[in-house]
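Asker: One structure coming up, written as structure tokens, with questions to follow.
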Amino acid sequence: MPRAVGIDLGTTNSVVSVLEGGEPKVIANAEGFRTTPSVVAYTKDGEVLVGETAKRQAVTNVDRTVSSVKRHMGTDWGFDVDGKKWTPQEISARILMKLKRDAEEYLG
1405 MPRAVGIDLG
1415 TTNSVVSVLE
1425 GGEPKVIANA
1435 EGFRTTPSVV
1445 AYTKDGEVLV
1455 GETAKRQAVT
1465 NVDRTVSSVK
1475 RHMGTDWGFD
1485 VDGKKWTPQE
1495 ISARILMKLK
1505 RDAEEYLG
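Here is the structure:
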């Protein structure tokens, strides 16, 4: 039987829940937390970090880490990394991809 999944893309944190037995249940992410920081980081070697890992390294990679991107949705704001301008939609998509992977892992 298909299950309904809900995603809240938040400004500070995001969360995924699933409807089980008529009740919503928050799904833990890959790191074991119920919420995922809405943070994305671009490392110098081209890796894209999302969530807790991005938040943890933000202090040492401040120019390549973005948070609260939801506030810029619908504007022409962009986040420049190595000459590439990332839109709020592209950055948000990275967060949503992680949330989707976490939900798929939980649901099997």
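Residue numbers (this note's numbering): 1405 to 1512.
We treat Cβ as the ideally placed atom computed from N, Cα and C, and that holds for glycine.
All values derive from a computational prediction rather than experimental measurement.
In whole angstroms, give me the CA-to-CA distance for Arg1498 and Glu1424.
Answerer: Here the question's residue 1498 lines up with position 94 in the sequence shown. Here the question's residue 1424 lines up with position 20 in the sequence shown. If you take the alpha carbons of Arg1498 and Glu1424, they lie about 26 Å apart.
Asker: From Lys1459, Leu1503, Gln1493 and Asp1506, pick the residue whose C-alpha is nearest to that of Val1443; which is it?
Answerer: Translated into positions along the sequence shown, residue 1443 becomes position 39. For Val1443, the nearest C-alpha among the options comes from Lys1459.
Asker: Determine the direct distance from the alpha carbon of Phe1483 to that of Thr1447, and round the result to whole angstroms.
Answerer: Position 43 of the sequence shown, counting from 1, holds the residue named residue 1447. Position 79 of the sequence shown, counting from 1, holds the residue named residue 1483. Going by the C-alpha atoms only, they are around 14 Å apart.
Asker: Please tell me whether Gly1436 and Lys1502 are closer than 8 Å, where the distance is taken between their beta carbons.
Answerer: Looking up residue 1436 in the sequence shown gives position 32. Looking up residue 1502 in the sequence shown gives position 98. Not a contact, by the Cβ cut-off of 8 Å.
Asker: Under a three-way DSSP split, which group does Leu1413 fall into?
Answerer: As a first step, residue 1413 must be located in the sequence shown, where it is residue number 9. Leu1413 falls in the coil class under three-state DSSP.
Asker: Comparing C-alpha positions only, which one of Val1470, Tyr1510 and Arg1505 sits nearest to Glu1494?
Answerer: Within the sequence shown, residue 1494 is the residue found at index 90, counting from 1. Considering only alpha carbons, the answer is Val1470.
Asker: Which same chain residues, not among the five before or five after Asp1486, have their C-beta less than 8 Å away from its C-beta?
Answerer: By 1-based counting over the sequence shown, the position of residue 1486 is 82. Around Asp1486: Tyr1446.
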